[in-house]
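If you read the protein sequences in the order shown, they are chains A and B.
Just so we're aligned, residue 0 is where the first sequence starts under numbering that gives the first Met the number 0, counting upward by one.
Just so we're aligned, residue 0 is where the second sequence starts under numbering that gives the first Met the number 0, counting upward by one.
Structure, as structure tokens:
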Amino acid sequence: METILNKLRKAAPAAALLLTVAAGTALQGCQKTNGNDATGATASALSSDAASQVYVAPGKHDELYSFLSGGFNGQVSVYGLPSGRLLKIIPVFSQHAENGYGYSEESKAMLQTSHGFVPWDDLHHPKLSRSKGMTDGRWLFVNGNNTPRVARIDLTTFETVEIMELPNSAGNHCSPYPTNNNEYVIAGTRFSVPLDMKGGTGDVSLDSYKDTFRGSISFIKVDQEKGDMDLDFQILVPGFDYDLANGGKGPSEDWVFFTTYNSEKAGTLKEVGASQNDKDYLAAVNWKLAAKYAKEGKAREMPANYYHNKMDKGTHTAKSTVKKKVRYLLPEDCPGLMYLLPAPKSPHGIDVDPSGEFMVVSGKLASAIPVFSFSKMQEAIKNKQFDGEKNGIPVLKYESVLAAEVKEPGLGPLHTEFDGKGNAYTSMFVSSEIVKWKLKDFKVVDRIPVYYSVGHLMIPGGDTKEPYGKYLVAMNKITKDRYLPTGPELAHAAQLIDISGEKMKLLLDFPTVAEPHYAQAIKADLVAPKSVKFHKLDENKHAYVAKKESDASVTRQGNVVRVKMTAIRSHMTPDNIEGVQVGDTVYFHVTNLEQDWDVPHGFAIMGANNAETLIMPGATQTLKWVPKKAGVFPFYCTDFCSALHQEMQGYLRVSPKGSNVPISFSTGKKKAASVALK
Amino acid sequence: MKTSSRVLMVVAALSLGLLFLFPMWKIYLKAPQYPEGLEMHIWVNKISGNTESSLQNFNILNHYIGMEPIHAESFKELTIMPYLVIGFIVTGVLVAFIGRRRLVLAWSALLMLGGAVGLLDFYLWLEKFGTNLSPTAPIKVPGMTYVPPLLGSKTLLNFDALSLPGWGSLGVFLAVVISLLIYFLTPKMAKPQEILRPKPTLV
Numbered sequence: 000m001e002t003i004l005n006k007l008r009k010a011a012p013a014a015a016l017l018l019t020v021a022a023g024t025a026l027q028g029c030q031k032t033n034g035n036d037a038t039g040a041t042a043s044a045l046s047s048d049a050a051s052q053v054y055v056a057p058g059k060h061d062e063l064y065s066f067l068s069g070g071f072n073g074q075v076s077v078y079g080l081p082s083g084r085l086l087k088i089i090p091v092f093s094q095h096a097e098n099g100y101g102y103s104e105e106s107k108a109m110l111q112t113s114h115g116f117v118p119w120d121d122l123h124h125p126k127l128s129r130s131k132g133m134t135d136g137r138w139l140f141v142n143g144n145n146t147p148r149v150a151r152i153d154l155t156t157f158e159t160v161e162i163m164e165l166p167n168s169a170g171n172h173c174s175p176y177p178t179n180n181n182e183y184v185i186a187g188t189r190f191s192v193p194l195d196m197k198g199g200t201g202d203v204s205l206d207s208y209k210d211t212f213r214g215s216i217s218f219i220k221v222d223q224e225k226g227d228m229d230l231d232f233q234i235l236v237p238g239f240d241y242d243l244a245n246g247g248k249g250p251s252e253d254w255v256f257f258t259t260y261n262s263e264k265a266g267t268l269k270e271v272g273a274s275q276n277d278k279d280y281l282a283a284v285n286w287k288l289a290a291k292y293a294k295e296g297k298a299r300e301m302p303a304n305y306y307h308n309k310m311d312k313g314t315h316t317a318k319s320t321v322k323k324k325v326r327y328l329l330p331e332d333c334p335g336l337m338y339l340l341p342a343p344k345s346p347h348g349i350d351v352d353p354s355g356e357f358m359v360v361s362g363k364l365a366s367a368i369p370v371f372s373f374s375k376m377q378e379a380i381k382n383k384q385f386d387g388e389k390n391g392i393p394v395l396k397y398e399s400v401l402a403a404e405v406k407e408p409g410l411g412p413l414h415t416e417f418d419g420k421g422n423a424y425t426s427m428f429v430s431s432e433i434v435k436w437k438l439k440d441f442k443v444v445d446r447i448p449v450y451y452s453v454g455h456l457m458i459p460g461g462d463t464k465e466p467y468g469k470y471l472v473a474m475n476k477i478t479k480d481r482y483l484p485t486g487p488e489l490a491h492a493a494q495l496i497d498i499s500g501e502k503m504k505l506l507l508d509f510p511t512v513a514e515p516h517y518a519q520a521i522k523a524d525l526v527a528p529k530s531v532k533f534h535k536l537d538e539n540k541h542a543y544v545a546k547k548e549s550d551a552s553v554t555r556q557g558n559v560v561r562v563k564m565t566a567i568r569s570h571m572t573p574d575n576i577e578g579v580q581v582g583d584t585v586y587f588h589v590t591n592l593e594q595d596w597d598v599p600h601g602f603a604i605m606g607a608n609n610a611e612t613l614i615m616p617g618a619t620q621t622l623k624w625v626p627k628k629a630g631v632f633p634f635y636c637t638d639f640c641s642a643l644h645q646e647m648q649g650y651l652r653v654s655p656k657g658s659n660v661p662i663s664f665s666t667g668k669k670k671a672a673s674v675a676l677k
Numbered sequence: 000m001k002t003s004s005r006v007l008m009v010v011a012a013l014s015l016g017l018l019f020l021f022p023m024w025k026i027y028l029k030a031p032q033y034p035e036g037l038e039m040h041i042w043v044n045k046i047s048g049n050t051e052s053s054l055q056n057f058n059i060l061n062h063y064i065g066m067e068p069i070h071a072e073s074f075k076e077l078t079i080m081p082y083l084v085i086g087f088i089v090t091g092v093l094v095a096f097i098g099r100r101r102l103v104l105a106w107s108a109l110l111m112l113g114g115a116v117g118l119l120d121f122y123l124w125l126e127k128f129g130t131n132l133s134p135t136a137p138i139k140v141p142g143m144t145y146v147p148p149l150l151g152s153k154t155l156l157n158f159d160a161l162s163l164p165g166w167g168s169l170g171v172f173l174a175v176v177i178s179l180l181i182y183f184l185t186p187k188m189a190k191p192q193e194i195l196r197p198k199p200t201l202v
């Protein structure tokens with residue numbers, strides 16, 4: 000009874016807040032006694048020197064880069080902290096008309112999958128690459144949830160350089176988790192599916208869920224130097240839903256943990272069906288042992304069909320490779336590989352503290368937060384303190400692995416991060432707050448409201464051995480009244496909270512792009528000095544590069560016309576093109592000759608059915624265009640490049656099919672047509 | 000000449016080698032949109048910049064005002080000068096071996112003359128590039144020329160141009176100073192001892 004009262008008490012401010020917004024001024028009067036009206040809440044929670052703490056003077060740089068997943072826009076947005084300034088949007092799984100990603104001939108291959116061209120995904124979790132358990136600022140790994148994929152972003156260029164599809168996976172949610180030295184990036188499936196053991200799913204009755212559905216955990220090997228990914232093997236796991244993943248550190252660094260729900264194996268109305276068991280599981284996998292088993296020949300092989308797409312640095316061109324098989328392990332064949340820890344109810348977040356001893360599991364429907372002890376888990380395994388088994392996987396006794404439960408933390412715990420000073424911070428979705436508690440005695444010591452319905456929270460380095468315990472970013476799922484209204488849909492709010500002192504202090508609100516699920520942040524000086532300013536033209540190995548204006552050409556091969564064009568402030572070569580016919584496939588291979596920072600050139604032509612291309616200095620990009628009618632078509636540079644940017648344009652003449660206008664091209668003085676006709 | 004002077008003379012000759020290690024002259028450009036600045040480095044045998052692509056960026060900027068592109072190939076001097084410098088180094092070492100005071104002076108004078116001619120040539124090039132502008136230039140400011148300063152700073156439209164000798168020039172400076180010191184400090188060997196004049200006395 001008391002706990003229910005407590006819950007109500009805690010939920011009251013949030014509930015009152017929503018009520019207030021809805022009910023208007025009349026209700027505000029009575030709420031003001033709590034200082035809890037919509038604006039009052041902000042004012043009271045905001046410390047007086049908040050502005051100066053987030054102020055980054057013009058021309059000065061932020062302390063940290065933060066990478067927020069875009070959720071359903073398939074992108075990553077890069078923000079500076081503490082200012083909350085948006086620095087860049089990196090397209091990963093989505094076509095991006097702004098720079099032609101996914102539209103240009105070079106980048107189309109990045110979005111190829113076994114389902115064909117998939118120009119969208121739901122990007123949930125960014126994870127920075129690691130060395131010795133610390134983020135090293137080399138790459139960012141992200142997951143595509145819908146059409147299971149894992150991508151790698153190169154942090155020298157802030158561009159997506161690799162995307163790999165995952166076979167035998169559906170809803171790649173608990174992903175990607177990089178081990179402490181980037182040995183592996185590990186990805187688990189959210190949906191279990193009926194694997195046909197040929198790389199696809201079986202045509203089976205949905206009633207057969209319990210018997211035919213399985214999940215998979217993929218182990219992607221990472222090249223230590225280049226970062227290139229390779230699917231080493233998979234573990235086929237029981238048919239639960241796998242939610243989130245996190246890895247150990249220090250003593251537990253050989254282990255990776257996955258939260259599961261739907262241990263009921265319900266195949267319909269999961270809302271109810273998957274919420275029946277009082278306890279689901281935390282799956283603990285010894286990844287080092289798994290790698291050993293796979294190496295020692297325990298792995299079996301099955302046919303598969305998945306795409307691996309890589310962007311080549313030299314040619315600026317992506318290539319797809321189709322992989323035809325995959326190795327897999329079965330936990331029942333591999334003793335010691337996997338254990339299940341009972342965790343109350345529908346666990347969501349799993350977070351391991353900086354010491355590597357505590358595994359904090361947030362059961363989104365549970366009333367307490369269980370904290371598991373790694374050393375106790377080791378003991379329990381040694382002493383075989385099992386509570387039966389599931390699909391041949393030992394289930395450990397709850398009490399034997401539990402360090403403690405954090406009591407009455409709030410409503411709807413989702414995720415926990417750590418400040419490196421012995422404190423844990425858990426986001427509470429239902430009661431819209433961040434709760435601070437001590438790892439020493441598992442007691443709640445502070446709480447701060449957030450606006451509204453926080454999902455993930457992030458402390459820079461909060462999932463590493465040494466968190467940068469100065470800030471916390473709360474990523475809220477609902478915004479309501481934080482910014483000027485923009486119709487039914489509002490920008491999701493992120494809130495920056497100062498966690499350097501005893502009490503949490505709200506510093507800043509900033510809008511985000513789409514719905515961020517998770518974020519990572521890293522000290523700027525680990526990334527900024529390595530930032531590439533331009534690509535070296537000398538190193539451009541694109542098949543259709545024109546390294547100088549005299550290399551520019553227009554050539555016809557059948558009904559394909561290739562234009563090798565150069566762009567430099569402030570003209571394109573050639574800028575007069577004739578001899579193109581209706582129905583030709585025209586490829587504009589545009590090379591940006593600039594060798595200067597921040598001087599991209601764009602290329603767009605009237606009526607193109609895709610997008611522009613935005614060509615970075617020293618790179619070559621290709622726009623495909625099929626003219627449908629005769630006439631003269633202007634093309635131009637889209638990215639303001641100089642005082643004469645507006646004049647950076649040209650004309651292309653399209654004649655009817657079969658016309659006898661010869662191919663010719665020029666810039667300024669006309670060149671002989673014969674040059675083009677090889 | 001004493002051995003020490005001969006050694007010094009070799010040093011003077013070899014210090015010209017700095018011309019091959021460092022630029023002779025540097026022109027710095029700064030503008031609001033170029034906070035990091037742009038540098039052109041003029042060497043005895045080439046033209047470069049503080050980065051690989053500085054020269055290209057100089058030329059991109061210059062093309063707006065109709066200035067001819069600057070390339071090492073446009074300067075014959077850059078193919079001749081290295082031989083001249085090597086010539087000075089070789090003759091300087093020879094002078095050290097011969098050990099004649101007069102030769103030291105002659106070498107020094109020739110070097111100064113060479114330096115002066117070089118500076119004049121440099122000035123004429125700046126003048127030529129800065130005033131010989133294309134009549135079809137996109138940006139034409141009435142009465143404006145774009146001659147960078149030979150030494151010191153000057154404002155050219157939105158750019159602050161600063162021109163200073165580089166470490167290579169120090170080689171020439173050292174060669175001249177050392178050789179002159181040798182000349183003035185070395186006693187004239189061939190001449191008979193000077194007669195001491197009586198001190199003027201107060202009457």
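Positions of the beta carbon are idealized from the N, C-alpha and C atoms, including for glycine.
- Unbroken beta strand (DSSP E) stretches of 3 residues or longer found wholly inside the region 190-258 of chain A: 214-221, 228-236 and 240-246, given in chain order.
- Chain A places a beta carbon closer than 9 Å to that of B/Ser-52, counting this residue as a contact.
- Taking a C-beta distance under 9 Å as the contact criterion, A/Val-405 and A/Ile-433 do not qualify as a contact pair.
- Secondary structure note for A/Phe-664: its beta strand (DSSP E) is the uninterrupted segment 663-666.
- When 7 Å is used as the limit between beta carbons, A/Asp-595 is near these residues of chain B: Ser-52 and Asn-56, in chain order.
- For the region 91-148 of chain A, the full-length beta strand (DSSP E) segments reaching 3 residues or more read 126-130 and 133-143 along the chain.
- In its chain, beyond the 5 residues on either side, Thr-134, Asp-135 and Gly-136 have a beta carbon closer than 8 Å to the beta carbon of A/Leu-525.
- Taking a contact to require three or more Cβ pairs closer than 8 Å, the region 633-646 of chain A and the region 603-617 of chain A qualify as touching.
- The criterion of a C-beta distance shorter than 9 Å is satisfied by A/Thr-159 and A/Pro-90.
- When only Cα atoms are considered, A/Asn-144 and A/Phe-632 end up about 41 Å apart.
- Under the three-state reduction of DSSP output, A/Asn-591 falls in the strand class.
- The C-beta distance from B/Ala-12 to B/Ala-95 rounds to 7 Å, short enough to meet the 8 Å contact threshold.
- Contact between A/Ser-93 and A/Gly-70 is ruled out by a C-beta separation of about 11 Å, above the 8 Å threshold.
- The continuous beta strand (DSSP E) containing A/Pro-177 extends over residues 173-177.
- In the structure shown, the three-state DSSP call for A/Pro-412 is strand.
- In this structure, the straight-line span from the alpha carbon of A/Pro-459 to that of A/Ala-423 is close to 13 Å.
- Judged by DSSP secondary structure, A/Thr-159 falls within the beta strand (DSSP E) whose first and last residues are 158-164.
- Contiguous alpha helix (DSSP H) elements confined to the region 63-89 of chain A do not occur, taking only those with 4 or more residues.
- In the three-state scheme derived from DSSP, where H, G and I count as helix and E and B as strand, A/Phe-533 is classed as coil.
- Closest in alpha carbon position to A/Val-359, among A/Ile-349, A/Gly-79 and A/Leu-230, is A/Ile-349.
- Below the 7 Å Cβ cutoff, chain A contributes no neighbours of B/Pro-31, its closest Cβ being approximately 12 Å away.
- Residue pairing for A/Ala-186: DSSP places it in a beta bridge opposite A/Ser-217.
- Beyond the five residues adjoining it in sequence on each side, B/Pro-164 comes within less than 6 Å, by CB distance, of Trp-24 in the same chain, given in chain order.
- Against chain A, the CB of B/Tyr-145 has no partner CB under 9 Å away; the residue lies outside that interface.
- Setting aside the 5 residues that flank it on each side, B/Gly-170 is surrounded in the same chain by Ser-14, Leu-15, Gly-16, Leu-17 and Leu-18, each with a C-beta closer than 7 Å to its C-beta; the list follows chain order.
- As the crow flies, the alpha-carbon of A/Leu-401 is around 4 Å from that of A/Phe-371.
- Contacts with chain B at 9 Å (Cβ-Cβ) include A/Glu-646.
- Note on geometry: alpha-carbon atoms of B/Lys-1 and B/Phe-87 lie some 22 Å from one another.
- Residue environment: A/Ala-150 is assigned as buried (16 or more neighbouring CB atoms within 10 Å of its CB, all protein chains considered).
- DSSP places B/Tyr-82 within a helical segment (H, G or I) once states are collapsed to three.
- The CB of A/Ile-567 comes closer than 8 Å to the CB of Ile-59 in chain B, given here in chain order.
- Annotation: the region 100-131 of chain B contains the following complete segments of the alpha helix (DSSP H) (minimum length 4 residues), in chain order: 100-130.
- In this structure, the CA atom of A/Gly-387 is about 15 Å from the CA atom of A/Lys-381.
- In terms of CA proximity to B/Val-89, B/Val-103 leads the group B/Val-103, B/Leu-149 and B/Glu-76.
- Around the beta-carbon of A/Glu-300, fewer than 16 other beta-carbon atoms lie within 10 Å, marking it exposed.
- The three-state secondary structure of A/Ile-567, taken from DSSP, is strand.
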